[in-house]
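Number of protein chains: 2
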Amino acid sequence: METFLDCLPCVLGQVLEASRMATDDAEIQAKIMEKAVAILADYKQYSCSPAIVRDMHQVVKQLTGVSDPYSAIKARDIRAAKKAEPFLTHFLEQKQDKLYWALKIAATGNILDSAICQNVDIEAGLETELNKAFSVCDIGVLQDALATAKQILIIGDNAGETVFDRFLIKQLAALHVVYAVRSEPIINDATMQDALDSGLHDLAEVISTGCGAPGAILAECSPAFLSAFESSDIVISKGQGNFEALSDCQRPLFFILKAKCTMIAARLSVSLNDYVCLYATPSAEASDD
Amino acid sequence: METFLDCLPCVLGQVLEASRMATDDAEIQAKIMEKAVAILADYKQYSCSPAIVRDMHQVVKQLTGVSDPYSAIKARDIRAAKKAEPFLTHFLEQKQDKLYWALKIAATGNILDSAICQNVDIEAGLETELNKAFSVCDIGVLQDALATAKQILIIGDNAGETVFDRFLIKQLAALHVVYAVRSEPIINDATMQDALDSGLHDLAEVISTGCGAPGAILAECSPAFLSAFESSDIVISKGQGNFEALSDCQRPLFFILKAKCTMIAARLSVSLNDYVCLYATPSAEASDD
Numbered sequence: 016m017e018t019f020l021d022c023l024p025c026v027l028g029q030v031l032e033a034s035r036m037a038t039d040d041a042e043i044q045a046k047i048m049e050k051a052v053a054i055l056a057d058y059k060q061y062s063c064s065p066a067i068v069r070d071m072h073q074v075v076k077q078l079t080g081v082s083d084p085y086s087a088i089k090a091r092d093i094r095a096a097k098k099a100e101p102f103l104t105h106f107l108e109q110k111q112d113k114l115y116w117a118l119k120i121a122a123t124g125n126i127l128d129s130a131i132c133q134n135v136d137i138e139a140g141l142e143t144e145l146n147k148a149f150s151v152c153d154i155g156v157l158q159d160a161l162a163t164a165k166q167i168l169i170i171g172d173n174a175g176e177t178v179f180d181r182f183l184i185k186q187l188a189a190l191h192v193v194y195a196v197r198s199e200p201i202i203n204d205a206t207m208q209d210a211l212d213s214g215l216h217d218l219a220e221v222i223s224t225g226c227g228a229p230g231a232i233l234a235e236c237s238p239a240f241l242s243a244f245e246s247s248d249i250v251i252s253k254g255q256g257n258f259e260a261l262s263d264c265q266r267p268l269f270f271i272l273k274a275k276c277t278m279i280a281a282r283l284s285v286s287l288n289d290y291v292c293l294y295a296t297p298s299a300e301a302s303d304d
Numbered sequence: 016m017e018t019f020l021d022c023l024p025c026v027l028g029q030v031l032e033a034s035r036m037a038t039d040d041a042e043i044q045a046k047i048m049e050k051a052v053a054i055l056a057d058y059k060q061y062s063c064s065p066a067i068v069r070d071m072h073q074v075v076k077q078l079t080g081v082s083d084p085y086s087a088i089k090a091r092d093i094r095a096a097k098k099a100e101p102f103l104t105h106f107l108e109q110k111q112d113k114l115y116w117a118l119k120i121a122a123t124g125n126i127l128d129s130a131i132c133q134n135v136d137i138e139a140g141l142e143t144e145l146n147k148a149f150s151v152c153d154i155g156v157l158q159d160a161l162a163t164a165k166q167i168l169i170i171g172d173n174a175g176e177t178v179f180d181r182f183l184i185k186q187l188a189a190l191h192v193v194y195a196v197r198s199e200p201i202i203n204d205a206t207m208q209d210a211l212d213s214g215l216h217d218l219a220e221v222i223s224t225g226c227g228a229p230g231a232i233l234a235e236c237s238p239a240f241l242s243a244f245e246s247s248d249i250v251i252s253k254g255q256g257n258f259e260a261l262s263d264c265q266r267p268l269f270f271i272l273k274a275k276c277t278m279i280a281a282r283l284s285v286s287l288n289d290y291v292c293l294y295a296t297p298s299a300e301a302s303d304d
């Protein structure tokens, strides 16, 4: 997906936040912003917004020496998500349509995204969020595909959300589940360590996308990931960053996300903060590229 | 005041808004953003954030040919403010301390600032806002100064707010009141035409600052304005933009504003959205410059 003009101030605000998480040194923060603005000037050279974010946050890492500025935030979110597990288990037990509600739990985990919404009181808002229906819901297509599928790939998003994804993976126990994470720390996205801390290894084969951007940019992904991407019968992409990176790709995908910004919401023809479970097939336009 | 790092994403978001008000042409909007980012790269060359904003919005005017992108917004805000006048008159009539509440009305007019908060329902929020006390209030100093003052200069801020300022000016009827506006349209700030539309000419001598930035940057103001600035016994500066431009200046000033952004609030040691009526004298540090 092309970078929206609205992404420019947004990613700049995000890198400022990251710089402050990594250091208290105002001079280094200023230097980071200087380099971030220089990257912004070249925004048209980037395939999508996650690629810009990756390069900007690389500057944070280089100039501060802090490889994972959001590590404390991610640990906090994983802890909070684990604390919510008994509640989520009870919530799902009461539901008839387990797959729908497991998908909904996995989608709701996206509210732990501290990059966009910093002070989330999970306990308070969780039930309200869970009970919001998907405003786009292609679960019928997913159910049909599951009838014959052998392998499913889930491309993960944030740390903490990973714990919520366990509920979805458990519903897919008949299949071989591959779960992909970022190749290195970027904002609050889940890495291999975060997946481990979330207990995903017990339920799925966890692999790296090979890409350090906050979205799986195929041109930068590893052969191992691309092989799983091609060979899986079903691919579920989670969150906005993966949607931005994969919305024009050449294979059918399920996008599960909460539309947290107006541009993504507009692109999906939904309202801001709506939940989406969208089955997308390559458009004729994209196929002609 | 130096430009905060937080200003960078904020001014970029503001110029995108302005570009969309001026044109529907996405290519022109993209060109504006490209030039705005180039200006941002030079942010350290600017004395303060209003100077950056001025140059960015100059790009909007040049590339769209629209000299006043916010004209409809300003007309709307002036209309809304005029509609609120009877309510404000009644509100003030019931108060004992007319000067305090006239200052408070003038400060509250700042919520009409559509550049920061676009969809304000003036009628609904007005009484609540009016009844919020100043969290910094140097009205005693102002009252002392008024006892001997002959001329007062008010440096205006937004269109619409101008109508609210009429209530303050009426309390100053014993003095010669000079009211300064921007030399040309910039965001939703009041120009000579907006002052005229707000009925300020009946109550005050309206002059231009000679500066087209959304803050009176003294180095860019006209000799006529500087003369009024120096010779007035009292100067009242309204809004954040003027505070950013004048906070380090070499004469005592009264700053009346609502702290709409976290950085300004922190600088004033108040909470976000607090109202301030601050008497500021040149600091020793600034005097040494």
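Protein chains in written order, with this note's numbering: chain A, 16 to 304; chain B, 16 to 304. A virtual CB, placed ideally from N, CA and C, is assigned to each residue, including glycine.
Determine whether the Cβ of residue i lies closer than 8 angstroms to any Cβ atom of chain A.
| i | result |
| --- | --- |
| residue 81 of chain B | no |
| residue 186 of chain B | no |
| residue 56 of chain B | yes |
| residue 130 of chain B | At residue 130 of chain B the pLDDT is 42, less than 50, meaning the model places this residue with poor confidence; the figure from the coordinates comes in the next sentence. No, residue 130 of chain B lies away from the interface with chain A (no Cβ there is under 8 angstroms from its Cβ). |
| residue 183 of chain B | no |
| residue 52 of chain B | yes |
| residue 44 of chain B | yes |
| residue 27 of chain B | yes |
| residue 40 of chain B | no |
| residue 61 of chain B | no |
| residue 21 of chain B | yes |
Bridge partners of residue i, per DSSP?
| i | result |
| --- | --- |
| residue 192 of chain A | A:167 |
| residue 68 of chain B | DSSP, once it has assigned bridges, lists no residue as partnering residue 68 of chain B. |
| residue 54 of chain B | For residue 54 of chain B, which the question treats as bridged, DSSP gives no partner whatsoever. |
| residue 151 of chain B | B:291 |
| residue 82 of chain B | For residue 82 of chain B, which the question treats as bridged, DSSP gives no partner whatsoever. |
| residue 30 of chain A | Looking at the DSSP assignment, residue 30 of chain A forms no beta bridge with any residue, so it has no partner. |
| residue 273 of chain B | B:290 |
| residue 253 of chain A | A:271 |
| residue 222 of chain B | B:195 |
Please check the pair residue i and residue j, which I expect to be a contact at CB under 8 angstroms, by giving their CB distance rounded to whole angstroms.
| i | j | result |
| --- | --- | --- |
| residue 106 of chain A | residue 290 of chain A | Rounded, the Cβ-Cβ distance is 15 angstroms, inconsistent with contact. |
| residue 200 of chain A | residue 85 of chain A | 7 angstroms |
| residue 193 of chain B | residue 154 of chain B | 21 angstroms between Cβ atoms; not a contact. |
| residue 24 of chain A | residue 24 of chain B | 4 angstroms |
| residue 63 of chain A | residue 232 of chain A | 7 angstroms |
Using a beta-carbon distance below 8 angstroms, is residue i in contact with chain B?
| i | result |
| --- | --- |
| residue 24 of chain A | yes |
| residue 118 of chain A | no |
| residue 134 of chain A | Bear in mind that a pLDDT of 46 at residue 134 of chain A, under 50, signals an unreliable position, so the number given afterwards is only what the model happens to contain. Chain B, which has no Cβ nearer than 8 angstroms to the Cβ of residue 134 of chain A, makes this no. |
| residue 170 of chain A | no |
| residue 331 of chain A | Here chain A covers residues 16 to 304 and nothing more, so residue 331 of chain A does not appear. |
| residue 248 of chain A | no |
| residue 48 of chain A | yes |
| residue 300 of chain A | Note that residue 300 of chain A scores 46 on pLDDT, short of 50, meaning its location in the model is unreliable; the coordinates nonetheless yield the value given after this. So, not an interface residue. |
| residue 70 of chain A | no |
| residue 287 of chain A | no |
| residue 31 of chain A | yes |
State buried or exposed for residue i, treating a residue as buried only when at least 16 other CB atoms are found within 10 Å of its CB.
| i | result |
| --- | --- |
| residue 163 of chain A | exposed |
| residue 126 of chain B | buried |
| residue 257 of chain A | buried |
| residue 123 of chain B | buried |
| residue 203 of chain A | buried |
| residue 57 of chain B | exposed |
| residue 302 of chain B | Its pLDDT being 42, under 50, residue 302 of chain B is placed unreliably by the model, and the measurement read from it follows with that caveat. Exposed, since its Cβ has fewer than 16 Cβ neighbours within 10 Å. |
| residue 206 of chain A | buried |
| residue 130 of chain B | The predicted model places residue 130 of chain B with a pLDDT of 42, which falls under 50 and marks its position as unreliable; any figure quoted below should be read in that light. With 16 or more Cβ atoms within 10 Å of its Cβ, residue 130 of chain B is classed as buried. |
| residue 41 of chain B | exposed |
| residue 96 of chain A | buried |
| residue 44 of chain A | buried |
| residue 18 of chain A | buried |
| residue 186 of chain B | buried |
| residue 197 of chain B | buried |
| residue 94 of chain B | exposed |
| residue 266 of chain A | exposed |
| residue 34 of chain A | buried |
| request: Inspect the CB distances between the segment 233-241 of chain A and the segment 139-158 of chain A and report whether three or more fall short of 8 angstroms. | output: Taking a contact to require three or more Cβ pairs closer than 8 angstroms, the segment 233-241 of chain A and the segment 139-158 of chain A do not qualify as touching.
*Mind the definition here: the segment 211-221 of chain A touches the segment 166-184 of chain A only if three or more C-beta pairs lie below 8 angstroms; say whether that holds.*
They touch, by the three-pair rule.
| So does the segment 22-41 of chain A actually touch the segment 51-60 of chain A, counting three or more Cβ pairs closer than 8 angstroms? | Enough Cβ pairs lie closer than 8 angstroms, so yes.
Count the CB pairs spanning the segment 249-264 of chain A and the segment 163-174 of chain A that are closer than 8 angstroms, and state whether there are at least three. They touch, by the three-pair rule.
- Message: Pairs of beta-carbons, one from the segment 88-95 of chain B and one from the segment 69-82 of chain A, closer than 8 angstroms: are there three or more?
- Response: Judged by Cβ distances under 8 angstroms, the segment 88-95 of chain B makes no contact with the segment 69-82 of chain A, as fewer than three pairs qualify.
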